[in-house]
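Asks: Going by my numbering, the sequence shown opens with residue 280, and the numbers climb by one from there.
I'd like to ask you about the structure that follows.
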Amino acid sequence: MARVLNAHVKGALAERIRYYHELGIYDFYRREVMTTAPALPPASGSPAPTAEETTSRARARHAMDENVVQAAAEPDMIDPVQALKIIRQDLGDCTRCGLHKQGRKQIVFGVGNPRAELMFIGEAPGADEDQQGEPFVGRAGQLLNNMIKAMGLEREQVYIANIIKCRPPFNRTPEREECETCSPFLMRQIAVIAPKVVVALGAVAAKTLLSINSSMSDLRGRWYDFRGTKLAVTYHPAFLLRDPRQKKEAWKDLQMVMKELNLAPPTRGAE
Ligand code: URA
Numbered sequence: 280m281a282r283v284l285n286a287h288v289k290g291a292l293a294e295r296i297r298y299y300h301e302l303g304i305y306d307f308y309r310r311e312v313m314t315t316a317p318a319l320p321p322a323s324g325s326p327a328p329t330a331e332e333t334t335s336r337a338r339a340r341h342a343m344d345e346n347v348v349q350a351a352a353e354p355d356m357i358d359p360v361q362a363l364k365i366i367r368q369d370l371g372d373c374t375r376c377g378l379h380k381q382g383r384k385q386i387v388f389g390v391g392n393p394r395a396e397l398m399f400i401g402e403a404p405g406a407d408e409d410q411q412g413e414p415f416v417g418r419a420g421q422l423l424n425n426m427i428k429a430m431g432l433e434r435e436q437v438y439i440a441n442i443i444k445c446r447p448p449f450n451r452t453p454e455r456e457e458c459e460t461c462s463p464f465l466m467r468q469i470a471v472i473a474p475k476v477v478v479a480l481g482a483v484a485a486k487t488l489l490s491i492n493s494s495m496s497d498l499r500g501r502w503y504d505f506r507g508t509k510l511a512v513t514y515h516p517a518f519l520l521r522d523p524r525q526k527k528e529a530w531k532d533l534q535m536v537m538k539e540l541n542l543a544p545p546t547r548g549a550e
């Protein structure tokens, strides 16, 4: 049966679709149920997709479709705790991309204050996160905690999530399709939490959120408008562990964020 949408939901839906267009995603449509995967015409010169690729693309579209309709109403929900629960429920024991059968132990949804003013977004769970079900709990997480502390905040005050919610095998970089399938759930989380500032940690997060293919040095050091929310880019903590000389550059990025949020670093002795 056709669903009647009120003017507000229609507006929110249009806004969401505009946003997906900005991300370079045009190819989605509404469906009530997923039946069999439709065949996609191959791009000229490229080989026809395999049955598995076709199914996975159809799933990505389906996830987007589900999410577009759901997400339109969520930001209006009064209780972000409840709204986040609904998103988690919708995610279920997700099998929308291939990662569910590539060794993931559990889905790593996101953690922190559902009303956070500041949200950090990383790339994907690693081994520790996969084990514990919480983002940034390994060595990179320890450094992120220190970065948060240096900003005068506690980890519990911010919200932390990743572009994708399942660990890729051998911690490889997430594939585009995995990001496309999973990130609509993250978009819903961001819309519900409605932070004042989003910080993208590293190139995968920055490029996925902004749909810009630039180097980290070009991406850092300025503000972006992310659907009406201010977004800054800084180095991924795992990169900073490999190249600690860049920490002073990351600190500049965080100071820009602190200024925006009127935060002062903790005074010595108060730690
Ligand atoms: N790296 C990430 O990008 N995310 C995590 O949760 C952990 C490490």
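Yeah, the Cβ is synthetic: ideal placement off N, Cα and C, and Gly gets one too.
1. I'd like to confirm something about V387: is its beta-carbon nearer than 8 Å to some heavy atom of the ligand URA, or not?
2. Whole alpha helix (DSSP H) runs in the segment 430-503 with 4 or more residues, listed along the chain?
3. Could you have a look at V536 and say whether DSSP puts it in helix, strand or coil?
4. I'd like the list of long-range same chain contacts for M535, defined as Cβ closer than 8 Å, with 5 residues on each side in sequence excluded.
5. Output yes or no for whether 9 Å exceeds the beta carbon distance between E454 and P447.
6. Go through its chain and collect everything with a Cβ distance to N450's Cβ below 8 Å, but skip five positions before and after it.
7. List in chain order the residues whose CB is within less than 7 Å of at least one heavy atom of the ligand URA.
8. Using a 10 Å radius around the Cβ and a threshold of 16 neighbouring Cβ atoms, would you call E435 buried or exposed?
9. In angstroms with no decimal places, state the Cα-to-Cα distance between A362 and G391.
10. Taking the beta carbon of E433 as the centre, do at least 16 other beta carbons fall within 10 Å, making it buried, or is it exposed?
11. So, for P414: in the same chain, excluding its five sequence neighbours on each side, which residues have a beta-carbon less than 8 Å away from its beta-carbon?
12. Does G542 come out as helix, strand or coil in the three-state DSSP assignment?
13. On a CA-only basis, which of R394, C373, P393 is nearest K384? Give me that one, please.
14. Between R467 and I357, is the Cβ-Cβ spacing less than 9 Å?
15. Is it the case that the Cβ atoms of F464 and V437 are separated by a distance below 9 Å?
16. Between the C-alpha atoms of P359 and P474, what's the straight-line distance to the nearest angstrom?
17. Any idea what DSSP makes of I357, helix, strand or coil?
18. From the DSSP output, in three-state form, read off F505 for me.
19. Which class does F518 belong to by DSSP, given the choice of helix, strand or coil?
20. Could you pull the start and end residues of the alpha helix (DSSP H) that A403 belongs to?
21. Considering only the alpha carbon of each residue, which of M430, T546, N492, I469 lies closest to A529?
Replies: The short version:
1. V387: yes, Cβ under 8 Å from the ligand URA.
2. The qualifying runs are 455-472, 482-489, 495-498.
3. helix
4. G500, W502, A511
5. Result yes, Cβ atoms of E454 and P447 sit closer than 9 Å.
6. Non-local C-beta neighbours of N450 in its own chain, meaning closer than 8 Å and more than five positions away in sequence, comprise A403, G405, A406, ordered along the chain.
7. V387, G401, E402, A403, P404, G405, E408, P414, F415, G417, A419, G420, N441, L480, G481, H515, A517
8. exposed
9. Here the C-alpha atom of A362 lies approximately 14 Å from the C-alpha atom of G391.
10. exposed
11. V387, G389, V390, G401, P404, E408, G420, I439, A440, N441
12. For clarity, residue 542 is Leu in the given sequence; the question names Gly instead. If DSSP states are grouped into helix, strand and coil, L542 belongs with coil.
13. C373
14. no
15. Their beta carbons are not under 9 Å apart, which means F464 does not touch V437 by this criterion.
16. Looking at the two C-alpha atoms, the distance is approximately 11 Å.
17. DSSP places I357 in coil when its eight states are reduced to three.
18. In the structure shown, F505 sits in a strand (DSSP, three-state: E or B).
19. helix
20. From DSSP, A403 is part of no alpha helix (DSSP H); its letter is neither H nor E.
21. Checked all of M430, T546, N492, I469; the closest Cα to A529 is M430.
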